Amino acid sequence: MSGKLAIDGGTPVRDRRLPYGRQWLDDDDIAAVVEVLRSDWLTTGPKVDEFEQAFAVFVGAREAVAVSNGTAALHAAMYAADIGPGDEAIVSPMTFAASANCVVYQGGTPVFADVDADTLLIDPVQVEAKITPRTKAIVAVDYTGQPCDYDALRDIADRLGLTLVADACHAIGGSYKGRPVGSLADMSTFSFHPVKHITTGEGGMITTDDPELAQRMRVFRNHGITTDHRQRERQGSWLYGMVDLGYNCRLTDFQCALGLSQLRKLPGWVARRQEIATRYDVAFAKMPTVEPLRVRGDVSHAYHLYVICLDLTRLRATRTEVFAALRAEGIGVNVHYIPVHYHPFYRERFGAGPGLCPVAEAAYEQLITLPVFPRMSNDDVADVVTAVHKVVEAYLR
Ligand SMILES: *Cc1c(COP(=O)(O)O)cnc(C)c1O
């Protein structure tokens, strides 16, 4: 099975590339969308309420607010937390840029706190070290689908009067100490982009137990207007008041119908993601150059991503070379993430850059994301393991 690498002209493990993530749509999902397309309400109708209520029940939160994407969900949360010019929010660097961009949308300053070396989740000790009199919020990211240490973060937030936001875009279906993701922070944000656990094409959600925060986010997503079209229709009134400068980041009814249909399948899909992760765990336990991220004992991991760290001291190749070799074998590997503070925007605007978060920076050099999505077969999983084994063996010192 080993032998000449595909990148050197050998035969690839797979002819057709396996993607790192992919949506799953069945006929019933399509039928649910078509039904709404034939109805009276294409947007701001009954399916929005239905999806919000089902989602809130799923995560054990009182309120859920649907928005147009996960980035809008983060923006709405920063608005509801009243972040403004002069305010700081503490953010993980090991995430997609949107987790920090949302602070900047509101005129605030993101302050990067380094991650734990084993899990790459924001380190509560580093969070505490970055607190200033201007700190107003913490944006914790459940990187790869593992919930952060919310008891420790809650303790810091409560002592200092900060708003705790969970960017849970990776972690729907996970839990921490038996409590579901979506109920672990003041506000939790989700994305329904096709690579995420469930999809509405584009879409997002924020969950909270605080009805005041929920109301602020409903106003935010609808131009800063306090009532929506359907509420005015019911009241037979044309009057409305715009109380603040909001945006239009509503989610349509046909998208919410898709979300509802997808949500029913989520528990089975999370279980399948966990099964795939266990198969990887077992295989990589026998490969000393490949180290999966550590999973704490008090969580249920939702596995949006399966990330490995390469022991580069034992390899004659860089991460970039291993990445290229795996792609050549037909495995759609990826890298999550370029640390946010490396991006030119954050260097130029906030004086960020290398040196700010050494743990995240060192991890970034070693990371590779492997494919994980519920529709992967066990043969697909075996192909990934074969390719990883083939490539690390070929590059062994
Ligand atoms: C996907 C994602 C987002 C953004 O969601 P969109 O729906 O693409 O706007 C934000 N944060 C994290 C951690 C994500 O994975």
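According to the numbering used here, the stretch in the sequence shown is residues 689 to 1085, in order. Where a beta carbon is used, it is the ideal one built from N, C-alpha and C, also for glycine. Given the structure is predicted, the values throughout are model-derived calculations rather than measurements.
Alpha-carbon spacing of E900 relative to D846, whole angstroms: Here residue 900 is taken as the residue at index 212 of the sequence shown, counted from 1. Here residue 846 is taken as the residue at index 158 of the sequence shown, counted from 1. Using only the alpha carbons, I get a separation of about 18 Å.
Local Cβ density within 10 Å of R909, reported as buried at 16 or more and exposed below that: Start at 1 with the first residue of the sequence shown, and residue 909 comes out as number 221. With 16 or more Cβ atoms within 10 Å of its Cβ, R909 is classed as buried.
Proximity to G866 [Cα-Cα], best of A719, T888, P1042 and V747: Mapped onto the sequence shown, residue 866 falls at position 178. Closest by alpha carbon: V747.
Opening and closing residue of the alpha helix (DSSP H) in which D846 lies: Here residue 846 corresponds to residue number 158 of the sequence shown, with the count starting at 1. In the DSSP annotation of this structure, the continuous segment of the alpha helix (DSSP H) that includes D846 starts and ends at Y838 to L848.
Outcome for G947 when other beta-carbon atoms lying within 10 angstroms are tallied against a minimum of 16: Residue 947 sits at position 259 when you count from the first residue of the sequence shown. Result: buried.
Range covered by the alpha helix (DSSP H) that runs through G892: Counted from its first residue, the sequence shown places residue 892 at position 204. Note, G892: premise wrong, no alpha helix (DSSP H); beta strand (DSSP E) at G892 to T896.
Contact between the region 964-971 and the region 905-923 (3+ Cβ pairs under 8 Å): No, because fewer than three Cβ pairs between the region 964-971 and the region 905-923 fall closer than 8 Å, the two stretches do not touch.
Whole-angstrom distance between R938 and V792, CA atom to CA atom: Here residue 792 refers to the residue found at position 104 of the sequence shown. Here residue 938 refers to the residue found at position 250 of the sequence shown. Here the C-alpha atom of V792 lies approximately 21 Å from the C-alpha atom of R938.
Cβ neighbour criterion (16 or more within 10 Å) applied to D811: As a first step, residue 811 must be located in the sequence shown, where it is residue number 123. Residue environment for D811: buried (at least 16 other C-beta atoms within 10 angstroms of its C-beta).
Three-way DSSP call (helix, strand, coil) for P976 in this model: Here residue 976 refers to the residue found at position 288 of the sequence shown. The answer is coil: DSSP assigns P976 none of H, G, I, E or B.
For I964, the residue or residues it bridges with in DSSP: Counting from 1 along the sequence shown, the entry for residue 964 is found at position 276. In the DSSP output, where bridge partners are listed per residue, I964 has none listed.
Touch test, the region 944-958 against the region 770-782, Cβ-Cβ under 8 Å, three pairs minimum: The region 944-958 makes no contact with the region 770-782: fewer than 3 CB pairs, one atom from each, lie closer than 8 Å.
Spatial distance of F743 from R1035 (CA atoms): What you label residue 743 is simply residue 55 of the sequence shown in a count that begins at 1. What you label residue 1035 is simply residue 347 of the sequence shown in a count that begins at 1. Roughly 38 Å separates the two Cα atoms.
7 Å Cβ cutoff met for G777 and A825: By one-based count along the sequence shown, residue 777 stands at place 89. By one-based count along the sequence shown, residue 825 stands at place 137. The sequence shown places Ala at residue 777, not Gly. Annotated as proximal: A777 and A825, with beta-carbon spacing under 7 Å.
Neighbourhood of I840 by C-beta, 8 Å cutoff - its chain only, sequence neighbours within 5 removed: By one-based count along the sequence shown, residue 840 stands at place 152. The sequence shown places Ala at residue 840, not Ile. So the list reads P812, once near-sequence residues are dropped.
Backbone CA spacing between M689 and G892 [nearest angstrom]: The sequence position of residue 689 within the sequence shown is 1, counting from 1. The sequence position of residue 892 within the sequence shown is 204, counting from 1. Annotation note: pLDDT 47 at M689 (below 50); position unreliable, coordinate value reported separately. If you take the alpha carbons of M689 and G892, they lie about 43 Å apart.
Exposed unless 16 or more other CB atoms sit within 10 angstroms - verdict on T797: Reading the sequence shown from its first residue, position 109 is the one you call residue 797. With 16 or more Cβ atoms within 10 Å of its Cβ, T797 is classed as buried.
The region 1027-1044 touching the region 985-1002, judged by at least three CB pairs closer than 8 Å: At 8 Å Cβ cutoff, the stretches do not touch.
Proximity winner among T977, D969, A945 and V1021, relative to A713 (alpha-carbon distances): Here residue 713 is taken as the residue at index 25 of the sequence shown, counted from 1. The identity of residue 713 in the sequence shown is Leu, whereas the question assumes Ala. Nearest of T977, D969, A945 and V1021 to L713, Cα basis: A945.
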